[in-house]
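Here the structure comes first, spelled out in structure tokens, and everything after it is commentary.
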Amino acid sequence: MRTYGYLVVEGPHDIEFAYRLLAPYGLERVRLEAELDPFFQPLVPTTFPHNGDLQARVPVPLFMQSNSHAIALHSALGDTRLAQTIEESAFSIDYSQLAGIGIILDTDKEVAVTTRYAGLKEEFARNSFNLPAIPGTISADEQRVGVFVLPDNQSEGNLEDLLLQCAESTFPKLLESARKHVDFARDDTSFVDKKREDLSKSAKYNKAVVGSIATTLRPGRAVQASIQDNVWLRGNNLNLPRIKAVQTFLVDLFGLALPTAPTQ
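Just so we're aligned: 172 in my numbering is position 168 of the sequence shown, and the numbers increase by one with no gaps anywhere.
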């Protein structure tokens, strides 16, 4: 019998981020339903369209498995649905069988980490789900529970802050070029678009820079495809302190160990 884990994140970029951090521990993506551990089968949607919305993405988790572990990485499709996603999944799978339950979120709305986490704790408490007192820590109970607030449980920021550190390490010239491109776009007043994002905001600027790099590495593909396929989170980048901190959190949460021949 495998050890089971469940991780809820805000969106698809975070899913691929967690995937890359877990992959060196012998966990592989489950692509075929027939190969999925029966424990997680109830999380696979059986109807379409989801909630009657033809445009909505089918909310199937990314499942990862090894001989010893099976972990579901579940996108809440937004920061306001983290608690709701965990509550909904509790009706489908037996939470008492989970060795670890985790959440990854960010603070890209210019809210202090302590304030963000306090609000999350209160929201989960209303559903009788208790989170650790401090973000980045894991409960010492038989069932491990933890929350990691990107980028480092202390600073305001998001996943893009970590990806930019990886870019600085791995492809600094491409990063420099992407920043020049976004700088030009930010200052360009030659056209009007009502849905144009304000790149003067740090979070939007960073997302644009990461997106510029990603579309260069994987033309026509979304950022999450680049995170999955390219070298953002491989090799020495996994030893960057803030990247290693998130990986260590996940390893401790799910009780993982490196295989005899680790892969990246």
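Think of the CB as a built atom: it goes at the ideal place given N, C-alpha and C, for glycine as much as any other residue.
Fair warning: this is a prediction, and the values are worked out from it, not measured in the lab.
Assign residue i to buried or exposed, taking buried as 16 or more other Cβ atoms, counted over all protein chains shown, within 10 Å of its Cβ.
{"i": "Gln59", "result": "exposed"}
{"i": "Asp110", "result": "buried"}
{"i": "Leu36", "result": "exposed"}
{"i": "Gln251", "result": "buried"}
{"i": "Gly104", "result": "buried"}
Give a yes or no on whether the C-beta atoms belonging to residue i and residue j are separated by under 9 angstroms.
{"i": "Gln88", "j": "Glu39", "result": "no"}
{"i": "Ile231", "j": "Ala212", "result": "no"}
{"i": "Val79", "j": "Pro16", "result": "Residue identity check: residue 79 is Ser in the sequence provided, not Val. Cβ distance < 9 angstroms, so Ser79 and Pro16 count as in contact."}
{"i": "Leu166", "j": "Leu244", "result": "yes"}
{"i": "Ile75", "j": "Phe128", "result": "no"}
{"i": "Ala171", "j": "Leu179", "result": "yes"}
{"i": "Gly150", "j": "His73", "result": "no"}
{"i": "Gln278", "j": "Glu20", "result": "A question about residue 278 goes unanswered here, because the residues of the chain that appear run from 5 up to 268."}
Can you tell me the Cα-Cα spacing of residue i and residue j, whole angstroms?
{"i": "Pro176", "j": "Met5", "result": "45 angstroms"}
{"i": "Tyr209", "j": "Asp202", "result": "8 angstroms"}
{"i": "Asp187", "j": "Arg24", "result": "29 angstroms"}
{"i": "Lys3", "j": "Ile138", "result": "A query on residue 3 cannot be resolved here, the shown segment of the chain reaching from 5 to 268 and no further."}
{"i": "Pro28", "j": "Phe195", "result": "46 angstroms"}
{"i": "Leu102", "j": "Ala94", "result": "11 angstroms"}
{"i": "Lys164", "j": "Val13", "result": "Sequence check: residue 164 is Glu here, not Lys. Roughly 15 angstroms between the two C-alpha positions."}
Which residue from the options puts its Cα closest to that of residue i?
{"i": "Asp83", "options": "His73, Tyr121 and Asn71", "result": "Tyr121"}
{"i": "Leu168", "options": "Tyr10, Val62 and Trp236", "result": "Trp236"}
{"i": "Val64", "options": "Glu92, Ile105 and Val151", "result": "Glu92"}
{"i": "Glu146", "options": "Phe52, Ala22 and Ser100", "result": "Ser100"}
{"i": "Leu11", "options": "Thr193, Pro136, Glu126 and Gly106", "result": "Gly106"}
Does residue i come out as helix, strand or coil in the three-state DSSP assignment?
{"i": "Phe253", "result": "helix"}
{"i": "Ser79", "result": "strand"}
{"i": "Ile142", "result": "strand"}
{"i": "Leu58", "result": "coil"}
{"i": "Ala261", "result": "coil"}
{"i": "Val115", "result": "coil"}
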